[in-house]
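Residue numbers (the working numbering): 296 to 351.
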């Protein structure tokens, strides 16, 4: 009986991060879908500069 309870708890702990990652991905796509192209380009450009990658 104890092993069965631990197994359920373990699977529940693995499921929550998966659900949260899916929700975050859908949220990012929904927000990006409503943004104008120059806004997305500017955000990507600023992110590249902030992380130290050359862009042009």
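Idealized CB from N, CA, C, for every residue including glycine.
Given the structure is predicted, the values throughout are model-derived calculations rather than measurements.
Beta carbon of residue i: closer than 7 angstroms to some heavy atom of the ligand MG?
i, result
"residue 328", "Of the ligands one can find in the structure shown there are none, so the ligand MG has no counterpart to examine."
What three-state label does DSSP hand residue i in the structure shown?
i, result
"residue 349", "coil"
"residue 330", "coil"
Could you tell me how far apart the beta carbons of residue i and residue j are, in whole angstroms, since I believe they sit closer than 8 angstroms?
i, j, result
"residue 340", "residue 350", "6 angstroms"
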